[in-house]
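Quick note on the UniProt record's numbering: the sequence shown kicks off at 1 and runs consecutively. Each residue gets a CB set at the ideal place from its N, CA and C atoms; glycine is no exception. One structure is given here, and the rest of the page talks about it.
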Amino acid sequence: MQMSIQKAQINILINLKCKQFQMSLIINQIMKSKIFVKRFSTIKKTQELSQFLINIQKVSEQVSKFGYVVEVKLFEAFVIIKQTMGEELVFQLGNILKQNASGAQIVNQIPQFKSYRIDQFNELVGRHDINYILGKLQQCESGKIKQYLDGNLKEQLKQCYDTYLKKYEDTIQQYKYDEDKWEEIVDNVRQLSKQINLHSKKQKNEILHLLAQICAYWTLNESGKQKQDKKNIFKKPNHTQIISIIMLLGIHKEAGFWQGVKNQFQYESQIQLNNQLIEILTGEGKSITLGFCSIILALLGCEVDVVCYSNYLSERDDKDFRNLFISFGVSEKIKYGTFRQQVEKYINNNFNIRQATLDIVNSQTLDNNKNTKQNTTNYKILLIDEVDIFFNLDYYGQTQNPIVKYEVEEIKNIITEIWNSKGQQKSSIITNIEQSSSYKELMIKYPKFERLFKRHINKLAQDVNQVELHKNQKDYIVRNNLIGYKQIDSTIDFKFYYGYLTLFAYFLENSKGNINDQTLKQKTQLNLHCGHISYALLPDTYSAILGVTGTLQSLNSQMKECLKKYNFSTEIYIPSMFGDSKLDFRKGDMVKVEIDQENQYLQIQQISFSAIKQKQSVLIFFKDSQSLIDYHDSNYLYLPKENYIKVTDHNDSTEFNHQVQKATRSGQIGLFVREYGRGTDFISFDPNVIQSGGVVVIQTFLSDNITEEIQIKGRTARQGQQGQYYLILNQKDLIKDFGLQDDQIQQWKNNQNQKSLYDNLSEVRNVKENQRYEDIEKKINIATDSHQKTIQYIQSIKNGNYDQAINYINDNS
């Protein structure tokens, strides 16, 4: 095996040299693409034209900096092709190009192939009708066992779907050839939303007609004007997305979520709206379900917050739907953001707590009018994407702590003196500071805040000697004179901070020449806390919560207990629109625990060799950046080191998307940290990969919870494709992370307790995860207490009780 791998590596190096020579020739062709394309006046040379276009595409794949130039030139070429040779040739080219990896990438990214892509996708999802979906759909009351729908409920949903579909198709039929009149649909939707009368028997149909026309308008805009003598090709919401919307909003019920919303607006009643949870599998269009739900709710006057754990995903989905929101006049009522951004929104609603805190410290009073904002009475609906992340211990039981930066000359001098005292005992540092002229001047200027400044000096004196440890633990990034930290979605946040550890990290990097003096001076400030907002209490500020996730049925018992507190009435399980999964994962021989890192790497190398030999691609996921780097620096790589795609974090979405697309190509191996195992769209367009068993995913660590593992598995076998998943673990990691013993693991390997190795590992994981949630109630209570004190602080400011506000600042800021 080792000899075969070495031989393959030599062949790869030879091919790489050839490609570098070919690339220089191809680059010279790029600028001639217009002239070349104009020579093709008939469709007889389609094969030659396809090959020329593929050669151009290969430039951007091998040298990403040429990507934009290549894309522009390909766009220009296809404008000529479509104008001179017609839509039919575009479809013929599509059929040829998709048989080649680079050609398939052209089809996926060039706008002129939009109709072709839609047609191909419609064929893929059209294999299962609405009756198949309803037959596979399951639901249950919260906390109970899920069941297939009974006959009555299936019939109700089928009738709703048929009503929707008829109006949708009628609208498409009426407007598909008349682009100038599409805005009539918008007018009809706005008018209908104002006229809906929930006391009428026509209520349900009116709501379904509203949904149908919204979807029809989206379809027409996404698909473009149709030609009367050509095949009509439309991008449509699929069966599962429409059923998801109907069930989430309770449109099929006589008195459900929908009636509750409208009653609140009309009669100021206190009807409890139905909070609902729905499972929509990875790659099945959650964003479309959330987008259309948002529009319907906003048209009825609700304010809608669509919240996700990932800034990258949130911005992507917002970008996809923002123009549609604008068209229907609801853009101001629908906001996308992360959990952290949502807390910021809550903090800043009605009151500028940061400015108020700063004003009180500076003058012991404040202008009340300046810090009070206009309150809104609209009912708020919270849509949570990947709701299981919200109940992860990174958020649930935690608080977000808004700060305001405070700087005066005395503060800057004190902080600098503390840095210069680094290495001394904490008590000595504090004594020296309290004897300094800067400290004495500070006490004279701000006599009411002696407790405040003493607390911060105490914290500064403690953290100054922890900064090296902080650097090792958090592995922060220094870039463009700023320090950033990796977030849960692997983006780097340069505004995130770890109190004074981050401040002294700036001093440390300045001493190394990585941060300039001007930036350091700007960062030399106190961080005054303005309050503590509990994530767990955030949903309580909304009239209703709709949660969406791809892993609802896999939540652990503790997380399900947390969900009960939010009164989710129903759990809905939507089947895949692509049919049964084609994931190849066998517990017996695709889960390995190797005795050490060397053997783990060797096993990964062998799997990679087999996959690349079969013309597949490989995605390898690591626990953290250091684990990824250790593997990449090892002697157990199958490909030359420079040929690996390596992603530990990203800020540039364009470059990141390029890396993701490249990673699913035949012969590619991508190394990713665990955060990219959720939400990243690793769909392969390479025919070699698709026909050879799909993308191979290797996970190199045991996830703390099953939901993360399911998400990582979901990076392959997407949208009806095949795929393989391996779990290749290091025994020493299991001993360290899960407290296991060598002999215990060996017994599992030998199947001595009649359970598979994987089942034993899963049991240990479940026990550890439940233990992590054991003190969650205590954390919730602490967070709630801090949250309530913050509310009291705000109220004391509004009421003009500044002595109470000053006491809060002294004890908490």
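> Straight-line CA distance for I243 to H532?
Replying inline: 40 Å
>> With a threshold of 8 Å between beta carbons, is N799 in contact with chain D?
In response: The structure shown contains no chain D; it holds only a single protein chain.
>> Here's the rule I'm using: 16 or more other beta-carbon atoms within 10 Å means buried, otherwise exposed. How should L508 be labelled?
In response: buried
> Quick one: what's got a C-beta closer than 6 Å to R678's C-beta in the same chain, skipping five residues either side?
Replying inline: When the five nearest sequence neighbours on each side are left out, the beta carbons in the same chain lying within less than 6 Å of the beta carbon of R678 are those of Q711, in order along the chain.
> Name the DSSP bridge partner or partners of S193?
Replying inline: S193 is not bridged to any residue.
> DSSP puts N730 in a beta bridge; with which residues?
Replying inline: E594
> What are the start and end residues of the alpha helix (DSSP H) that includes L583?
Replying inline: Per DSSP, L583 lies in no alpha helix (DSSP H); the unbroken beta strand (DSSP E) holding it starts and ends at K582 to D584.
> Curious, which full-length beta strand (DSSP E) runs of at least 3 residues does the region 517 to 587 contain?
Replying inline: 526 to 529, 544 to 549, 568 to 573 and 582 to 584
> Ends of the alpha helix (DSSP H) at T171?
Replying inline: Run containing T171: G151 to Y175, per the alpha helix (DSSP H) assignment.
> With a Cβ-Cβ cutoff of 8 Å, do I245 and T282 count as a contact?
Replying inline: no
> If you drop the 5 nearest sequence neighbours on each side, which residues of the same chain put their C-beta closer than 8 Å to that of I251?
Replying inline: C160, K204, I207, L208, L211, I245 and W258
> So, using beta-carbon positions, are Y381 and S543 closer together than 8 Å?
Replying inline: Checking the sequence, you will find Ile at residue 381 rather than Tyr. Yes, Cβ-Cβ distance for I381 and S543 is below 8 Å.
>> I need the straight-line Cα distance from S756 to V764, nearest angstrom please.
In response: 13 Å
>> Am I right that V695 and Y676 are in contact with their C-beta atoms under 8 Å? What's the rounded C-beta distance?
In response: Taking a contact as a CB-CB distance under 8 Å, the pair V695 and Y676 does not count as one, their CB atoms being some 13 Å apart.
>> Residues in the same chain with beta-carbon distance under 6 Å from K412, minus the five sequence neighbours each way, listed in chain order, please.
In response: For K412, where only same-chain residues beyond five positions count, the Cβ hits under 6 Å are T524.
> Start and end of the beta strand (DSSP E) containing D305?
Replying inline: Element bounds for D305: E303 to C308.
> Quick one: Cα of K662 to Cα of E61, how far?
Replying inline: Answer to the nearest angstrom: the Cα atoms are 7 Å apart.
> Along the chain, which unbroken stretches of the alpha helix (DSSP H) at least 4 residues long are found entirely within the region 330 to 363?
Replying inline: Taking only runs of at least 4 residues, the alpha helix (DSSP H) segments lying wholly in the region 330 to 363 are 339 to 348 and 353 to 363.
>> Going by DSSP, what residue range makes up the beta strand (DSSP E) through L671?
In response: Start and end: I669 to V673.
>> Measuring only the C-alpha atoms, how far is N760 from V591?
In response: 11 Å
>> Can you list, in chain order, the residues of its chain with a C-beta nearer than 6 Å to that of Q558? Leave out the 5 residues immediately preceding and following it.
In response: Cβ neighbours of Q558 beyond the five flanking positions: N770 and Y773.
> Among L482, S50 and L528, which has the Cα closest to the Cα of R451?
Replying inline: L528
>> Using the three-state DSSP reduction, which class does F21 fall into: helix, strand or coil?
In response: A caution first: F21 carries a pLDDT of 44, below 50, which makes its placement in the model too unreliable to give a value.
>> Pairs of beta-carbons, one from the region 308 to 320 and one from the region 489 to 502, closer than 8 Å: are there three or more?
In response: Output reads yes: the region 489 to 502 touches the region 308 to 320.
> Candidates L460, N730 and D624: which alpha carbon is nearest L602's?
Replying inline: It is N730.
> Per the contact definition of three or more C-beta pairs closer than 8 Å, is the region 709 to 728 in contact with the region 677 to 693?
Replying inline: yes
>> DSSP three-state label for G714, please.
In response: coil
> From this set, Q120, K98, N232 and K768, which residue's C-alpha is nearest Q719's C-alpha?
Replying inline: In terms of Cα proximity to Q719, the closest of Q120, K98, N232 and K768 is Q120.
> In terms of alpha-carbon separation, which member of K333, K230, C215 and K166 lies closest to V186?
Replying inline: The residue with the shortest Cα to Cα distance from V186 is C215.
> Taking just the CA atoms, how far does I430 sit from H456?
Replying inline: Taking the straight line from one Cα to the other gives about 11 Å.
>> List, from N- to C-terminal side, the beta strand (DSSP E) runs of 3 residues or more that fit wholly inside the region 625 to 665.
In response: For secondary structure counted as the beta strand (DSSP E) over 3 or more consecutive residues, the region 625 to 665 holds these complete runs in sequence order: 645 to 647.
> Got a sec, what are the start and stop residues for the alpha helix (DSSP H) G285 sits in?
Replying inline: That residue, G285, is in no alpha helix (DSSP H); it is neither H nor E in DSSP.
> Starting from V689 and walking both ways along the alpha helix (DSSP H), at which residues does that stretch end?
Replying inline: V689 -> alpha helix (DSSP H) spans P687 to Q691.
>> If the criterion is Cβ atoms closer than 8 Å, does the pair L277 and I572 meet it?
In response: yes
>> Nearest by alpha-carbon distance to Q553: which of F52, K225 and I280 is it?
In response: Here the closest residue by C-alpha is I280.
>> Quick check on the burial criterion: 16 or more other C-beta atoms within 10 angstroms. Buried or exposed for Q605?
In response: buried
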